[in-house]
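**Student:** For the sequence shown, numbering that gives the first Met the number 0 gives the first residue as 0, with consecutive numbering after it.
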Amino acid sequence: MTTTTKTAHTPGPWEARMSARRTHFKILHSARGKGDGYNNRVAETCQWSPAAGPQIDPTEAAANAHLMASAPDMLDALLAIRKILGGIADHKKADPDDALAALLAMKLIDVTAAKATGGAA
0 MTTTTKTAHT PGPWEARMSA RRTHFKILHS ARGKGDGYNN RVAETCQWSP AAGPQIDPTE
60 AAANAHLMAS APDMLDALLA IRKILGGIAD HKKADPDDAL AALLAMKLID VTAAKATGGA
120 A
């Protein structure tokens, strides 16, 4: 899945890749070409030094990198789910409890999407 909504962030897909020196992860915009040059780098996790000991556990750094790399896809999924929930909330024959649950979920999605895009909910 790729980002289809108009956003200010670099569109997906992103991928997490270990640095050549194995000291940190890079989050890359994979559609900008092969390799890991700065032109397709979106973000990096913090570095760790085997000699000084990790500032962050490598397993945790990997998990953080993969979470960051999945952000555009997760935002797209959330916005798609919001559309579906909007249909449930607006349906004339919807159970009132289902409609209320859909509206509450939509509000949660709005808050989360605003946080992800730097906007206001």
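In this text, a Cβ means the ideal position worked out from N, Cα and C, and glycines have one as well. These numbers come from a predicted model, not from an experiment.
Start and end of the beta strand (DSSP E) containing residue 25?
**Tutor:** Within the sequence shown, the letter at position 26 stands for residue 25. From DSSP, the beta strand (DSSP E) with residue 25 extends over 24-28.
**Student:** Can you give me the Cβ contacts of residue 111 inside the same chain, cut-off strictly under 7 Å, excluding the 5 residues immediately before and after it?
**Tutor:** As a first step, residue 111 must be located in the sequence shown, where it is residue number 112. Cβ within range, chain order: 77.
**Student:** Please classify residue 15: does DSSP put it in a helix, a strand, or coil?
**Tutor:** Position 16 of the sequence shown, counting from 1, holds the residue named residue 15. Residue 15 falls in the strand class under three-state DSSP.
**Student:** Can you tell me whether residue 95 is buried or exposed, with buried defined as 16 or more other CB within 10 angstroms of its CB?
**Tutor:** Taking the first residue of the sequence shown as position 1, residue 95 is located at position 96. Classification for residue 95: exposed.
**Student:** Here's a check: name, in chain order, each residue in its chain whose Cβ is nearer than 7 Å to the Cβ of residue 87, leaving out the five neighbours to either side.
**Tutor:** Reading the sequence shown from its first residue, position 88 is the one you call residue 87. So the qualifying residues of the chain are 93, 97, 98, 101.
**Student:** Drop a sphere of 10 angstroms on the beta-carbon of residue 117, count the other beta-carbons inside from all chains shown, and report buried for 16 or more, exposed for fewer.
**Tutor:** Locating residue 117 in the sequence shown gives position 118, counting from the first residue. Exposed is the call here.
**Student:** Please state whether DSSP places residue 42 in a helix, a strand or coil.
**Tutor:** The residue labelled residue 42 in the question sits at position 43 within the sequence shown. The answer is strand: DSSP assigns residue 42 an E or B state.
**Student:** Would you mind working out which of 46, 80, 104 sits nearest residue 20, comparing C-alpha positions?
**Tutor:** Taking the first residue of the sequence shown as position 1, residue 20 is located at position 21. Measuring from the Cα of residue 20, the nearest candidate turns out to be 46.
**Student:** Is it buried or exposed for residue 74, if we count other Cβ within 10 angstroms and need 16 for buried?
**Tutor:** The residue labelled residue 74 in the question sits at position 75 within the sequence shown. Flag for residue 74 reads buried.
**Student:** Going straight from the alpha carbon of residue 29 to that of residue 113, what length do you get?
**Tutor:** Counting from one through the sequence shown, the residue named residue 29 turns up at place 30. Counting from one through the sequence shown, the residue named residue 113 turns up at place 114. Cα to Cα, the separation comes out at about 25 Å.
**Student:** Might you give, ordered along the chain, the residues of its own chain that have their beta carbon closer than 6 Å to the beta carbon of residue 63, omitting 5 neighbours on each side?
**Tutor:** The residue given as residue 63 occupies position 64 in the sequence shown. Cβ within range, chain order: 44.
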